[in-house]
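According to full-length UniProt numbering, the stretch in the sequence shown is residues 1 to 639, in order. Backbone N, C-alpha and C fix where the C-beta goes; we use that ideal spot for every residue, glycine too.
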Amino acid sequence: MTQAYDEAYRESLENPEEFWGRHAEECFWYEKWDKVLDDSNKPFYRWFSGGVTNTCYNALDMHVEKGAGDRVALIYDSPVTNTIKKYTYAELRDEVALFAGVLAEYGVEKGDRVVLYMPMIAEAAIAMLACARLGAVHSVVFGGFAANELATRINDARPKAIVSASCGIEGKKVIPYKPLLDAAIEISEHKPKNCIILQRPMETADMHPSRDVDWAQAMKKASPKDCVPVLATDPLYILYTSGTTGQPKGVVRDNGGHMVALKWSMKAVYDVDEGDVWWAASDVGWVVGHSYIVYAPLFKGCTTILFEGKPVGTPDAGVFWRVISEHKVKCMFTAPTAYRAIKREDPGAALMKNYDLSNFKILFLAGERSDPDTITWSERNLGVPVIDHWWQTETGWAIAANCMGLHHFPVKYGSPTKAVPGWNVQVLDEMGRPAAAGQIGALVVKLPLPPGTLPTLWGNDQAFVNKYLRDFDGYYTTADAGYIDEDGYIYVMARTDDIINVAGHRLSTGAMEEVLADHPDVAECAVLGVEDPLKGQLPLGFLVLNAGVTRSNDEIVKEVVEMIRERIGPVSAFKTATVVDRLPKTRSGKILRGVMRQIADNKSYRMPATIDDPSILKEIENALNTIGYASSRATATPS
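So, in structure tokens, the structure goes:
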């Protein structure tokens, strides 16, 4: 029977105010809302307008006051430092209240922005929650991002303070953060008044005498702060997403709708109850870390795990099984890349046999398309349901999923199952007409979006409209292409823009091209994402050099790889580029990236009718052959 799912889905679309208003009653409010859904300023819909609440209170204080203060709220598990530390709800509340006092001491108030540039340590979550406690707006930047990328975010968010640490640990390598932070502040136009720095023992940072504050010393002198009431429609955080080079795109999340939707999702989507142990193996720099390491599990009263390590190499491909076993994890959420890495290192899952996984019930995958091979390997070895689901930084939680707390539908490989209640997902053709079942088109969501999604972009309402709402009137554009089958299963086939997925990280090839084009010897370039069995996709660069350049191609390629590393960061995984005489284009001058990608992925492709010179494609194939990408399987068929 699909009754629970069917009823929830129908009500969420036909009567969203009653549906979400009922679930909002499970949260704490200082003052109830005037309207569940405020549509008075379309297309800027607002949820729970007039309501007054506090996100931190709902995540921590409420559970303590209900008598659950002794329950473990957060487990910090760090195989790279050989550390496991547990915080009860009462202990975490007290630490957060104290750090909120530190922030307040240095002038942070309701509405101020605070940039967090942190590794995967408990203090990252404490800092996020402390901002929420004060009503300040946090903006977490992935630890180790290059200085210029950090600077663009500082300039856009204009934070009063920055919270960072002396270093992070990537695998077995210590990454100093402070030099990157200092360089970012040096080149940014906006200068924060203070930086609060957590000194880690493996790398001590040099402190700026007038700007930097030692975390530990400040905590010793701080006085705890109570939660500050904020409007449901006030911003909770800004999270910068792909394509920020030169033009920052800060996704805004509000307090009220975010709290209601995420708390509901823990049971409805993930089948997790109060007191269950939950693990999202991601990073607080990404949306998964915001939604499902920090906020949603604490809203629900779960125990959440914050893991500082890698699926392999810290110390081996059995570390996931050790964490699941040791902490009695019920459900895990990670990217398919993690399981591909484990499968590559331990294809027979021999290390799994060393651990008791009897408490483990469900594995959820997201962040990129889950390939059937990874799903079936996981199903076979874990013996539990393996659930793919689809969502985005902008949406904040799942658009489509097998909602395990409502009904477990049969899995169809390649599909994240059906639209989650609240999401009116449709497929439209180029003319904006509904596509037939099985017909590929633009995957869109009919407005209004459910609570918990982005209400706008930070400081740029017009960019929000242009980016997400302009393509199809009355719809949010996901920028994904796909189809819905006759059973209502959604299939996400490809991006419709230039965003690629590298190990679950959404990166802009356009931002990479901007860097390549800055090389003095490069006249023209293209970057595309090619298939990779481990990371999902990897960026591959094509360079057309200026006339008269006599330097070695290898030398130039080495330089542009280093430029990407410096300006975008190692997370880009940009390691390969090739020099070509010219790029394939349409007669109007558009580079045929899709065709180039098919050649690189050894797939047959249709010769575009608009191509300017078909012979260029053979040149591209030859260039790719020299670096091990193309093969004779990449054959063209007439258009």
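Beta bridge counterpart(s) of Gly250 as assigned by DSSP
As a first step, residue 250 is located in the sequence shown; it is residue number 250 there, counting from the start. In DSSP, Gly250 forms a bridge with Tyr240.
Indicate whether Tyr483 and Val427 have their beta-carbon atoms separated by less than 8 Å.
Indexing the sequence shown from 1 puts residue 483 at position 483. Indexing the sequence shown from 1 puts residue 427 at position 427. Closer than 8 Å, so yes.
Beta-carbon within less than 7 Å of Ile564's beta-carbon, same chain only, minus the 5 sequence neighbours each way: which residues are those?
Walking along the sequence shown from the start, residue 564 turns up at place 564. Correct list, in chain order: Met512, Val515, Ser572, Phe574.
Three Cβ pairs or more, each shorter than 8 Å: is that satisfied between the stretch 169–189 and the stretch 86–105?
no
DSSP three-state call for Gln537: helix, strand or coil?
Sequence index remark: in the sequence shown, residue 537 carries index 537 (1-based). In the structure shown, Gln537 sits in a strand (DSSP, three-state: E or B).
Provide the residue span of the alpha helix (DSSP H) that contains Asp373, from first to last.
Your numbering for residue 373 matches position 373 in the sequence shown. Counting along the chain, the alpha helix (DSSP H) containing Asp373 begins and ends at 372–382.
Got a sec? Which residues, its chain only, sit under 8 Å from Trp321 by beta carbon, not counting five neighbours each side?
Position 321 of the sequence shown, counted from the first residue, corresponds to residue 321. So the list reads Leu351, Met352, Asn354, Tyr355, Leu357, once near-sequence residues are dropped.
Which residues bound the beta strand (DSSP E) around Ala526?
What you label residue 526 is simply residue 526 of the sequence shown in a count that begins at 1. Run containing Ala526: 522–532, per the beta strand (DSSP E) assignment.
Which class does Ile121 belong to by DSSP, given the choice of helix, strand or coil?
Position 121 of the sequence shown, counting from 1, holds the residue named residue 121. Coil, per DSSP.
Terminal residues of the continuous beta strand (DSSP E) containing Asn194?
Locating residue 194 in the sequence shown gives position 194, where the first residue counts as 1. Unbroken beta strand (DSSP E) run through Asn194: 194–198.
Does the Cβ of Thr337 have 16 or more other Cβ atoms within 10 Å, making it buried, or fewer, making it exposed?
In the sequence shown, residue 337 corresponds to position 337, counting from 1. Classification for Thr337: buried.
So for Asn501, helix, strand or coil by DSSP?
Taking the first residue of the sequence shown as 1, we reach residue 501 at position 501. Reduced to three states, the DSSP call for Asn501 is strand.
Gly257 by DSSP, collapsed to three states: which one?
Here residue 257 is taken as the residue at index 257 of the sequence shown, counted from 1. Correct three-state label for Gly257: helix.
Rounded separation between Ile399 and Thr417 - CA only
As a position in the sequence shown, residue 399 is number 399, starting the count at 1. As a position in the sequence shown, residue 417 is number 417, starting the count at 1. Those two C-alpha atoms are separated by around 10 Å.
Which first and last residues belong to the alpha helix (DSSP H) in which Lys618 is found?
Within the sequence shown, residue 618 is the residue found at index 618, counting from 1. Segment 615–626, the alpha helix (DSSP H) holding Lys618.
Strictly by DSSP, which residues pair up with Met332?
Numbered from 1 along the sequence shown, position 332 holds the residue referred to as residue 332. According to DSSP, Met332 bridges with Trp279, Leu363.
Where Ala479 falls: helix, strand or coil (DSSP)
Mapped onto the sequence shown, residue 479 falls at position 479. Looking at Ala479 - three-state DSSP - the assignment turns out to be strand.
Beta-carbon contacts of Met118 that lie in its chain and below 6 Å, excluding the five residues immediately before and after:
Against the sequence shown, residue 118 aligns to sequence position 118. For Met118, where only same-chain residues beyond five positions count, the Cβ hits under 6 Å are Ala124, Gly143, Ala165.
Local Cβ density within 10 Å of Gln537, reported as buried at 16 or more and exposed below that
Position 537 of the sequence shown, counted from the start, is the residue given in the question as residue 537. So Gln537 ends up on the buried side.
Is the beta carbon of Ala419 less than 8 Å from the beta carbon of Gly367?
As a position in the sequence shown, residue 419 is number 419, starting the count at 1. As a position in the sequence shown, residue 367 is number 367, starting the count at 1. Not closer than 8 Å, so no.
Alpha-carbon to alpha-carbon, Lys35 and Pro297:
Start at 1 with the first residue of the sequence shown, and residue 297 comes out as number 297. Start at 1 with the first residue of the sequence shown, and residue 35 comes out as number 35. Going from the Cα of Pro297 to the Cα of Lys35 covers about 26 Å.
Could you check what DSSP says for Met512 in three-state terms: helix, strand or coil?
The count along the sequence shown starts at 1 and reaches residue 512 at position 512. It is helical.
Val386 versus Tyr9 - alpha carbon distance
Working through the sequence shown from its first residue, we reach residue 386 at position 386. Working through the sequence shown from its first residue, we reach residue 9 at position 9. Each residue's Cα considered, the two are about 22 Å apart.
Just reading off the alpha helix (DSSP H) that Asp6 is part of, what are its end residues?
The residue given as residue 6 occupies position 6 in the sequence shown. From DSSP, the alpha helix (DSSP H) with Asp6 extends over 3–14.
Are the beta-carbon atoms belonging to Val115 and Val108 less than 8 Å from one another?
Here residue 115 refers to the residue found at position 115 when the sequence shown is read from its first residue. Here residue 108 refers to the residue found at position 108 when the sequence shown is read from its first residue. No; because the gap between Cβ atoms is not below 8 Å, this pair is not in contact.
Starting from the C-beta of residue 640, find all residues in its chain whose C-beta is less than 8 Å away, skip the five residues before and the five after it, and write them out in chain order.
Outside the modelled stretch of the chain, which goes from 1 to 639, sits residue 640, for which no answer is possible.
Hey, is the stretch 189–201 in contact with the stretch 146–162, meaning 3+ C-beta pairs nearer than 8 Å?
yes
What does a CB cutoff of less than 6 Å around His63 pick up in its chain, not counting 5 residues either side in sequence?
Taking the first residue of the sequence shown as 1, we reach residue 63 at position 63. Hits under 6 Å: Tyr89, Gly301.
When you compare the CB positions of Val445 and Tyr475, do they come within less than 8 Å of one another, or not?
Reading the sequence shown from its first residue, position 445 is the one you call residue 445. Reading the sequence shown from its first residue, position 475 is the one you call residue 475. Yes. Within cutoff.
According to DSSP, simplified to helix, strand and coil, what is Met202?
The residue labelled residue 202 in the question sits at position 202 within the sequence shown. It is coil, neither helix nor strand.
What is the DSSP secondary structure of Arg587, reduced to helix, strand or coil?
Position 587 of the sequence shown, counted from the start, is the residue given in the question as residue 587. Residue placement at Arg587 is poorly supported in this model, since its pLDDT is 49, which falls under 50; the coordinates still yield a value, given next. Coil.
When DSSP labels each residue in this structure, what does Trp47 get in the three-state scheme?
As a working note, residue 47 is residue 47 in the sequence shown. Looking at Trp47 - three-state DSSP - the assignment turns out to be strand.
According to DSSP, simplified to helix, strand and coil, what is His63?
On the sequence shown, position 63 is the one that residue 63 refers to. Helix, per DSSP.
Which one of Leu239, Ala526, Ala205, Asp487 has the shortest CA to CA distance from Gly285?
Translated into the one-based positions of the sequence shown, residue 285 becomes position 285. Comparing Cα-Cα distances from Gly285 to each of Leu239, Ala526, Ala205, Asp487, the minimum goes to Leu239.
Express the C-alpha separation of Ala68 and Ala436 in angstroms, rounding to a whole number.
On the sequence shown, position 436 is the one that residue 436 refers to. On the sequence shown, position 68 is the one that residue 68 refers to. Those two C-alpha atoms are separated by around 51 Å.
Which term fits Phe28, buried or exposed, when burial requires 16 or more other beta carbons within 10 angstroms of its beta carbon?
Along the sequence shown, one-based indexing puts residue 28 at 28. Phe28 comes out exposed.
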